[in-house]
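First the structure, in the form of structure tokens, and then the observations on it.
2 protein chains.
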Amino acid sequence: MSNQPRVAPSPGTAASGCCTPLVGEALTPRGAADLARTFKALGDPVRLRVLSLIAARNGGEVCVCEITDAFDLTGPTISYHLKQLRGAGLVDCQRRGTWVYYWIVPAKLAGLSQFLDPTSPGIASFEPAAQG
Amino acid sequence: MSNQPRVAPSPGTAASGCCTPLVGEALTPRGAADLARTFKALGDPVRLRVLSLIAARNGGEVCVCEITDAFDLTGPTISYHLKQLRGAGLVDCQRRGTWVYYWIVPAKLAGLSQFLDPTSPGIASFEPAAQG
DNA sequence: GTACTGATTCGAGAACTGTCAACCTAGACA
DNA sequence: TGTCTAGGTTGACAGTTCTCGAATCAGTAC
Chain A
13 MSNQPRVAPS PGTAASGCCT PLVGEALTPR GAADLARTFK ALGDPVRLRV
63 LSLIAARNGG EVCVCEITDA FDLTGPTISY HLKQLRGAGL VDCQRRGTWV
113 YYWIVPAKLA GLSQFLDPTS PGIASFEPAA QG
Chain B
13 MSNQPRVAPS PGTAASGCCT PLVGEALTPR GAADLARTFK ALGDPVRLRV
63 LSLIAARNGG EVCVCEITDA FDLTGPTISY HLKQLRGAGL VDCQRRGTWV
113 YYWIVPAKLA GLSQFLDPTS PGIASFEPAA QG
């Protein structure tokens, strides 16, 4: 914990009791579970790099074989991570002949971005909608 | 995988080979590890609700006792989750007398929000800086 | 100093996650 | 059809995470 004299608004005091009223409806357990699943998918370095690899691609999509080449991991492991990303709605894919291509889902990323944006109501009263 | 005729830009074909060149530098392994740690902290429903509870507070800060009351979890468990959030730089805290108060770190949330924003270079070429 | 309250740390156990080897499926091609 | 290649699935295992009870620390009140 930081002991520096940080500016924390409207400090409660021991004399006045510890708690002040809520102003907004916080995230519901259901909404939290949905969101947590998505953030959990982002909570792995390999998956973040996969997502970044796809996002950095000019055409917007990447073949699985190239993703596999970019990591010191086996095919099944990459496949596992791609499945996690797909399950979270962060990427989608399509088979074209022999190869399978992946691309990111911008709407999903935008939703998460908005949720985290401290200048929007987002995190304080998030309604999980149209996110995949 | 979806088999609907989704519009994916610049499709590669089996005839022309599967891979097209990268345009940008993707997320580095080091940067990915740092970011993954933060997203992992968000990847739990309890922690998301705690974060939301704090963010929904008018004064911007919440006493630990109130967070504990809001969940069907023991004190040690809440304390564990708060430590995770603190370790990720998403919240900070301060003791005042008997009680300990937590508040969110807007700059950290803003950084994550920017990273995920599909309209910014963010995820395709993210430089982890000034994030806590 | 002693007792009390609030919060954190420690240790243990159950559940989950990440990884690989082996195997299976889908599509291309002769 | 048979063979080859790309990618996905399954099962097993090690490591990590989440949760709790017990113990400990920090501050207040008597």
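One line per chain: the protein sequences are A and B, in this order.
Numbering (our numbering) for the first sequence: 13 to 144.
Numbering (our numbering) for the second sequence: 13 to 144.
C-beta atoms are modelled at their ideal positions from N, C-alpha and C, and glycine is treated no differently.
| Which term fits A/L47, buried or exposed, when burial requires 16 or more other beta carbons within 10 angstroms of its beta carbon? | The residue given as residue 47 of chain A occupies position 35 in the first sequence. A/L47 comes out buried.
| Beta carbon of B/F127 nearer than 8 Å to that of B/I135 | Taking the second sequence and counting its residues from 1, one reaches residue 127 of chain B at position 115. Taking the second sequence and counting its residues from 1, one reaches residue 135 of chain B at position 123. Going by C-beta atoms, B/F127 is nearer than 8 Å to B/I135.
| Interfacial residues, the region 74-89 of chain A to chain B, with Cβ spacing under 7 Å | C75, C77, E78
| CB contact flag (A/G55, B/K52, <8 Å) | Indexing the first sequence from 1 puts residue 55 of chain A at position 43. Indexing the second sequence from 1 puts residue 52 of chain B at position 40. Yes, the pair counts as a contact, with Cβ atoms nearer than the cut-off.
| field | B/C75 versus B/L39, B/V112, B/T131, B/L124, residue with shortest Cα-Cα distance | value | The residue labelled residue 75 of chain B in the question sits at position 63 within the second sequence. Nearest of B/L39, B/V112, B/T131, B/L124 to B/C75, Cα basis: B/V112.
| task | List the residues that DSSP assigns as beta-bridge partners of B/Y114. | result | Within the second sequence, the letter at position 102 stands for residue 114 of chain B. In DSSP, B/Y114 forms a bridge with B/V74, B/C105.
| query | Using a beta-carbon distance below 8 Å, is B/S64 in contact with chain A? | reply | Stepping through the second sequence from its first residue, residue 64 of chain B is reached at position 52. So, interface residue.
| query | Any Cβ of chain A within less than 8 Å of the Cβ of B/S91? | reply | Position 79 of the second sequence, counting from 1, holds the residue named residue 91 of chain B. Answer no: the Cβ-Cβ gap between B/S91 and chain A never drops below 8 Å.
| message | Does A/D104 pass the burial test, meaning 16 or more other C-beta atoms within 10 Å, or should it be called exposed? | response | For the purposes of this step, residue 104 of chain A is taken as the residue at position 92 of the first sequence. A/D104 is buried by the Cβ-count criterion.
| field | Sub-8 Å separation of B/P130 and A/P118 beta-carbons | value | Residue 130 of chain B sits at position 118 when you count from the first residue of the second sequence. Residue 118 of chain A sits at position 106 when you count from the first residue of the first sequence. It is a contact, given that the beta carbons lie within the stated cut-off.
| Can you list, in chain order, the residues of its chain whose CB lies under 6 Å from that of A/G87, leaving out five sequence neighbours each side? | Taking the first residue of the first sequence as 1, we reach residue 87 of chain A at position 75. These residues qualify, in order along the chain: T80.
| message | Is the separation between the beta-carbon of B/L85 and that of B/V58 shorter than 8 Å? | response | Taking the second sequence and counting its residues from 1, one reaches residue 85 of chain B at position 73. Taking the second sequence and counting its residues from 1, one reaches residue 58 of chain B at position 46. Yes, the Cβ-Cβ distance between B/L85 and B/V58 is below 8 Å.
| field | Which of helix, strand or coil DSSP assigns to A/P88 | value | Locating residue 88 of chain A in the first sequence gives position 76, where the first residue counts as 1. Looking at A/P88 - three-state DSSP - the assignment turns out to be helix.
| query | In whole angstroms, what separates the C-alpha of A/R98 from that of B/R108? | reply | Counted from its first residue, the first sequence places residue 98 of chain A at position 86. Counted from its first residue, the second sequence places residue 108 of chain B at position 96. About 45 Å.
| Since A/P41 is in the alpha helix (DSSP H), which residue starts that stretch and which ends it? | Numbered from its first residue, the first sequence carries residue 41 of chain A at position 29. First-last of the alpha helix (DSSP H) with A/P41: 41-54.
| message | If you reduce the DSSP assignment to three classes, tell me which class B/D129 lands in. | response | By 1-based counting over the second sequence, the position of residue 129 of chain B is 117. If DSSP states are grouped into helix, strand and coil, B/D129 belongs with coil.
| So B/L102 and B/L63 are in contact, right, with Cβ under 8 Å, and what is the actual spacing, rounded? | One-based indexing of the second sequence puts residue 102 of chain B at position 90. One-based indexing of the second sequence puts residue 63 of chain B at position 51. Right, the Cβ-Cβ distance comes to about 6 Å (below 8 Å), so this counts as a contact.
| Minimum C-alpha distance to A/R61 - residue among A/F83, A/P41, A/K120 | In the first sequence, the residue the question calls residue 61 of chain A occupies position 49. Cα-wise, what sits closest to A/R61 is A/F83.
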